[in-house]
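Each residue of the sequence shown is one higher than the one before, starting from 640 at the first, in the numbering used here.
Note that CB positions come from ideal geometry on N, CA and C, so glycine has one too.
Structure first, then comments.
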Amino acid sequence: MKRLFNLAILSLSLLLVASMIPGTIVSAEEEASLLDPNKRLNVAHRGASGHAPEHTIPSYKLGERMNGDYIEIDLQMTKDGVLVAMHDERVDRTTDGTGLVKDYTLEELKKLDAGSWFNEENPEKAKRAYQGLEVPTLEEVIQTFGNDSHYYIETKSPEVYPGMEKELLRVLEKYELTPKYEERGKVLVQSFSKASLLKMHDLAPDMPLVQLISYKTPATITEQELAELSRYTVGIGMSYTKIDQEYVEKVRESGLLIHPYTVNEKEDMKRLLDWGVTGMFTNYPDRLEDVMDDFEDDEDEVEDDDENEEDED
Ligand code: G3P
Ligand code: CA
């Protein structure tokens with residue numbers, strides 16, 4: 640009896656120790672969600688924006704068809720307070736208009752052509768269907784893709800749009816996309832602005848957040864910074880060009896997710912997976928899908944070899 644008791648204590652202790660090592664044991668809730676650190680996420684950056692005009696419905700549809708795990712959406716806000724999917728504060732680069740989004744009402748913004756610029760810049764990928772595409776509102780994106788899709792939403796220029804976090808939360812609540820209704824990780828909110836994320840954290844403490852970090856030089860991170868980030872985020876994102884294996888391992892050891900952006904070449908994708916990233920943003924979800932398939936095949940082979948070696952021993 641005493642031996643059984645000791646064995647039970649030993650097993651519990653081993654489980655406890657293992658659960659403290661990132662990437663090993665996760666809760667059933669985490670396992671069911673895309674926040675499981677053992678998953679590697681394919682984030683369709685502005686949709687499949689290497690193939691179609693960024694932040695348009697066709698681009699997001701292509702991202703889904705190419706097995707992106709998340710639709711990535713940058714948010715700006717119109718003069719009349721509507722959240723729309725657009726990367727830049729100005730409409731100039733991705734529409735036929737000029738000026739700031741904040742100076743357009745939704746009705747005015749809807750008159751702009753958000754697709755033809757792509758055809759002009761990418762004649763080999765041009766499609767007639769891209770001509771005259773509208774800038775979608777966040778609500779239209781959610782209405783199109785529904786609650787089966789996952790959304791990775793960035794508050795852009797939050798200092799220009801006071802109240803954007805509250806409005807974002809209102810929309811997510813309306814469509815029952817918050818952790819109150821859905822698995823945690825159905826929506827991730829990201830920002831370069833810590834203030835914006837802290838606002839979101841105050842408004843919705845359960846909402847998983849990702850802090851984007853802009854490094855000008857090769858990235859380093861301290862234990863103290865990681866501890867502070869862990870207080871309000873589930874993960875961090877940064878340019879893949881600024882990190883190395885040591886950085887990735889340090890972040891993983893802290894238990895945070897790490898999603899570098901924007902990775903478009905297969906050799907970079909492969910290297911980052913080797914280093915242990917938990918996902919990445921890409922304009923080419925199809926390429927990342929290929930790389931991930933090969934990576935998983937290689938992992939399976941290594942596991943089979945290990946098992947065979949154990950059997951031989
Ligand atoms: O959100 C990750 C990545 O998209 C950040 O860069 O400028 O493409 O929004 P940006
Ligand atoms: Ca973004």
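Helix, strand or coil: how does DSSP classify Val887 here? Val887 falls in the helix class under three-state DSSP.
Cβ of Asp713 within 7 Å of any heavy atom in ligand 2? In this structure, Asp713 has its CB closer than 7 Å to one or more heavy atoms of ligand 2.
Buried or exposed (CB count within 10 angstroms, at least 16 for buried), Pro762: Result: exposed.
Buried or exposed: Val730, going by 16 or more other Cβ atoms within 10 Å of its Cβ? With a threshold of 16 other beta carbon atoms within 10 Å, Val730 meets it and is buried.
With the cut-off set at 8 Å, would you say Pro775 and Val723 are in Cβ contact? Taking 8 Å as the Cβ cut-off, Pro775 and Val723 qualify as a contacting pair.
Could you tell me whether any non-hydrogen atom of ligand 2 is closer than 7 Å to the CB of Glu759? No - ligand 2 has no heavy atom lying nearer than 7 Å to the Cβ of Glu759.
Validate contact between the region 888 to 905 and the region 850 to 866 using beta carbons, cut 8 Å, 3 pairs: Counting Cβ pairs under 8 Å, three or more are found: they touch.
Does the Cβ of Glu935 lie closer than 7 Å to at least one heavy atom of ligand 1? Distances taken from the Cβ of Glu935 to the heavy atoms of ligand 1 include none shorter than 7 Å.
When DSSP labels each residue in this structure, what does Gln829 get in the three-state scheme? Gln829: strand per DSSP, three-state reduction.
Going by beta-carbon coordinates alone, are Lys795 and His684 separated by less than 8 Å? Result no, Cβ atoms of Lys795 and His684 do not sit closer than 8 Å.
Three-state secondary structure (DSSP) of Asn681: DSSP places Asn681 in the strand class (E or B) of the three-state scheme.
If we count the other Cβ atoms within 10 Å of its Cβ and call it buried at 16 or more, is Asn681 buried or exposed? Its Cβ being crowded by 16 or more others within 10 Å, Asn681 is buried.
Please classify Met803: does DSSP put it in a helix, a strand, or coil? Helix, per DSSP.
Using 8 Å as the cut-off, can you tell me whether the region 927 to 942 makes contact with the region 691 to 698, which would need three or more C-beta pairs spanning the two stretches below that distance? No, because fewer than three Cβ pairs between the region 927 to 942 and the region 691 to 698 fall closer than 8 Å, the two stretches do not touch.
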